[in-house]
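Encoded as structure tokens, the structure appears first; notes follow it.
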Amino acid sequence: MKKIILIFFPFLVFAQPNCNAYLYAGDTLQYKACILAEKADKYYQFQREFQEIFDEAIKISPNFAYAYREKSTAYLKSGDFLTWKKLIDKAVDLDYVQNLPYRAWCRYQFFKDYKGAIADIEKLDSLATYDIGYSINGDYHLNIVKGVCYSVLNQKKKAIKIFLEQLNTKSYDAGLYDYYQLGVTYYQIKDYKNALKSFEKQSQRNDIAENAYYKSKIYKALKNNQKYQENKELALKLYAENKKLQIRTRNILIVFIIVLLLVNKN
Amino acid sequence: MIRFLKCLFLFPLFVFSQEKEAKSLYPNFVGDIEFNKELDNENFELCFDKHIYQYFNDSNGFDYEGEKLAVENEFSKEYKSKIIPNETGLIRINFIVNCKGQTDRFRLIAMDEDYNPKEFDKSITEQLLRIAKSLKGWKGKQIKGNKIDYYQYLIFKIENGQLKEILP
């Protein structure tokens with residue numbers, strides 16, 4: 016159960032801050048800004064009022080990193096990379112612990128900025144004395160994200176090394192798609208033996224259409240027609256069942272709620 | 009006289025509220041695209057004037073006939089560019105899809121690799137706009153059984169003039 020909770024930890028970290036924490040730390044300005052920011056709860060992130068409340072909070076405490084990050088979200092979601100970057104940079108400058116992992120993930124996920132994501136993750140790694148943690152949706156450890164980015168940038172060997180280091184970390188339990196990502200990278204350098212091993216591990220852990228699709232491609236290349244057909248059909252079946260790589264935030268939230276219910280039950 | 013004084017008293021409040029409205033830095037919703045008669049089709053109709061949703065508000069996300077692959081195929085087929093050094097970065101085109109799946113109010117922003125505003129070569133942006141405007145597979149969306157209009161965007165990752173990826 017502990018492992019499951021850890022996977023969803025980012026959700027807990029990035030909730031509305033506890034305003035009293037600022038008060039206990041003697042930062043009355045951030046406390047006041049934080050209390051004001053609670054008023055934004057009743058507005059949608061895209062609404063004018065939402066933005067204006069956080070502007071007011073920033074006027075009270077220009078160091079209130081959370082406000083910049085909250086303001087940035089609507090721009091991120093609407094693809095306005097120019098405004099998003101200005102706001103999230105400010106949040107990172109003020110509080111890298113909370114915001115640098117988030118910016119790294121967003122650069123990868125929303126803008127396919129692989130170099131930028133790597134730079135952020137490596138910077139975080141150099142600053143942090145703790146595990147650098149997971150993507151905001153809980154799908155990937157940030158080291159796996161770094162591996163994916165290197166893989167896309169065609170540095171396959173480096174990517175594989177990063178994947179294996181993370182997967183061999185003692186305290187680490189493989190994520191939802193880690194072995195799939197490793198398998199794809201092996202596949203791309205035509206190391207079919209290791210690719211199949213990785214895809215098998217992925218199947219055991221969390222079978223998805225893409226995983227079966229790549230297996231079918233390998234068996235086709237190896238001229239094993241029976242296994243090619245089997246995996247092709249499996250890929251179509253999984254796809255029809257919506258067992259795909261991209262799971263939506265709402266599904267994550269549902270799982271998160273279930274986890275919370277289970278924790279409370281136990 | 010009393011009436012006059014009342015009016016005199018209320019006048020500054022009226023002026024103040026007008027001024028506050030005018031001075032807001034934001035549209036009603038982040039990313040709102042106002043009609044511009046220089047750019048937009050006057051015959052394009054919104055089905056619901058009061059609010060335009062975002063494409064992900066119905067939880068179905070990107071909703072196109074043939075899924076995203078069909079959009080990628082369209083651009084892959086239509087977009088042609090020679091290699092243009094330093095024409096690298098992201099271009100976002102956003103627009104409205106009305107409840108009938110029709111599109112209009114196309115707007116474009118662009119950045120270089122460091123998230124600075126960038127003006128790309130027109131041969132790139134004009135092509136992307138033309139192809140985006142020609143897409144006919146956008147699906148009308150509904151929320152709680154009501155037809156909606158929504159904002160959709162496409163982000164193009166360009167490297168030296170070449171189209172590398174399309175998001176979201």
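Heads up: the protein sequence lines correspond to chains A and B, in order. Heads up, the first sequence is in the working numbering, so the first residue is 16 and it goes up one at a time. Heads up, the second sequence is in the working numbering, so the first residue is 9 and it goes up one at a time. We put the beta carbon where it would ideally sit given N, CA and C, even for glycine. Being a predicted model, the structure only gives us computed values, none of them experimental.
A:D193 is outside the set of residues whose beta carbon lies under 9 Å from a beta carbon in chain B.
B:P35 has its alpha-carbon roughly 6 Å from the corresponding atom of A:R63.
Classified as exposed, B:E75 has fewer than 16 neighbouring CB atoms from the shown chains inside 10 Å of its CB. Considering only B:G145, B:R138, B:D66 and B:I166, the residue with the shortest C-alpha distance to B:Q110 is B:G145.
In this structure, the beta-carbon distance from A:I136 to A:N114 does not fall below 9 Å. Between A:F125 and B:P176, the C-beta gap is smaller than 9 Å, which places the two residues in contact. With a minimum length of 4 residues, the unbroken runs of alpha helix (DSSP H) contained wholly in the stretch 143–182 of chain A fall at 157–167 and 171–182. A direct Cα-to-Cα measurement between B:L137 and B:G97 gives close to 16 Å. When CB distances to chain A are screened at a threshold of 7 Å, the residues of the stretch 94–125 of chain B falling below it are L98, R100, N102, I117, M119, Y123 and P125, in chain order. In summary, the residues of the stretch 37–69 of chain B whose CB is separated from some CB of chain A by less than 8 Å are F37, V38, G39, Q62, F64, S67 and G69, in the order they occur in the chain. Using a Cβ-Cβ cut-off of 9 Å, B:S84 does not count as an interface residue toward chain A, since no Cβ of chain A sits closer than that to its own.
From the beta-carbon of B:Y159, the residues of chain A found nearer than 8 Å are S93. Here the stretch 149–157 of chain B does not lie against the stretch 115–134 of chain B, with fewer than 3 beta-carbon pairs under 8 Å apart. Here A:T200 is buried. Its C-beta has 16 or more other C-beta atoms within 10 Å. If you ignore the 5 residues before and after A:P32, its C-beta comes within less than 8 Å of the C-beta of C49 and Y81, all in its own chain and listed in chain order. Here B:N94 is exposed: its Cβ has fewer than 16 other Cβ atoms, across all protein chains shown, within 10 Å. In this structure, the alpha-carbon of A:Y59 lies about 11 Å from that of A:E85. Under the Cβ distance rule, A:K100 counts among the residues neighbouring chain B, one pair being separated by less than 9 Å.
Shortest Cα-Cα distance from A:E225 to any of A:I133, A:A134, A:K242 and A:Y254 involves A:Y254. Within the stretch 216–228 of chain A, no residue has its Cβ closer than 8 Å to any Cβ of chain B. The beta-bridge partner set that DSSP reports for B:N154 consists of B:I151. Contact holds between the stretch 157–176 of chain B and the stretch 116–130 of chain A, because three or more Cβ pairs, one in each stretch, are under 8 Å apart.
Judged by pairs of C-beta atoms under 8 Å, the stretch 160–167 of chain B touches the stretch 99–118 of chain B, as three or more such pairs exist.
Contact annotation: the stretch 100–117 of chain A does not touch the stretch 43–63 of chain B, with fewer than three C-beta pairs closer than 8 Å.
Chain-order list of chain B residues neighbouring A:R118: empty, with the shortest C-beta distance near 11 Å, by a criterion of under 8 Å.
When DSSP states are grouped into helix, strand and coil, B:A118 belongs to the strand group. Taking C-beta separations shorter than 7 Å and ignoring five residues to either side along the sequence, the partners of A:T98 in its chain run Y90, following chain order. Under the 9 Å criterion on CB atoms, A:R84 is classed as non-interfacial with respect to chain B.
For A:Q62, the chain B residues whose Cβ falls inside 9 Å of its Cβ are Y34, N36, F37 and V38, in order along the chain.
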